[in-house]
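Down below is the structure, laid out as structure tokens.
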């Protein structure tokens with residue numbers, strides 16, 4: 037099971053080694069999620085909202101040159117990845133946008149422009 041973290045969770049390197057690495061930045065009108073995806077084909081990445089979570093998944097294949105005999109040292113992460121971020125209550129999932137530039141995925145999560153005040157009738 038993939039851990040779900042909040043937009044506000046601070047990273048703890050010793051407890052959880054996530055891939056891909058990401059930053060969540062609070063903006064005046066929402067949030068910006070920046071995901072480092074060097075070497076990943078943008079067509080191999082899926083971004084979606086599932087319930088109250090922003091889900092990012094895809095894969096990064098190894099990039100070994102033809103004729104490579106064996107890997108002597110491996111520090112780069114390859115394979116399938118899956119990240120889930122619990123969105124804050126004021127996020128507007130209907131207006132989320134994503135852009136790709138130079139191996140960086142930038143996801144903009146706007147805040148809701150309207151607040152909801154709904155009276156609930158209590159039945160007896």
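In our numbering, the protein residues as written are 37 to 160.
All residues carry an ideal CB built from backbone N, CA and C; glycine is no exception.
Identity of the residues DSSP links to residue i by a beta bridge
| i | result |
| --- | --- |
| residue 62 | 67 |
| residue 115 | 96 |
| residue 144 | 68 and 133 |
Contacting residues, own chain, Cβ-Cβ under 6 Å from residue i (five flanking each side not counted)
| i | result |
| --- | --- |
| residue 74 | 139 |
| residue 145 | 66, 67, 127 and 132 |
| residue 174 | Limits of the chain in this structure are 37 at one end and 160 at the other, which puts residue 174 out of reach. |
| residue 142 | 70 and 135 |
Spatially closest choice to residue i from the options, by CA coordinates
| i | options | result |
| --- | --- | --- |
| residue 148 | 125, 116, 134 and 136 | 125 |
| residue 136 | 62, 55 and 72 | 72 |
| residue 89 | 159, 119 and 155 | 119 |
| residue 59 | 121, 160, 116 and 112 | 121 |
Sequence-distant residues of its chain with Cβ nearer than 7 Å to residue i (five each side left out)
| i | result |
| --- | --- |
| residue 114 | 96, 97 and 98 |
| residue 57 | 72 |
Local Cβ density within 10 Å of residue i, reported as buried at 16 or more and exposed below that
| i | result |
| --- | --- |
| residue 92 | buried |
| residue 108 | exposed |
| residue 61 | exposed |
| residue 110 | exposed |
| residue 51 | In this prediction, residue 51 has a pLDDT of 45, which is less than 50 and means its spatial position is unreliable; nothing more can be read from the coordinates. |
Sequence-distant residues of the same chain with beta carbon closer than 8 Å to residue i, five excluded per side
| i | result |
| --- | --- |
| residue 85 | 91, 123, 129 and 132 |
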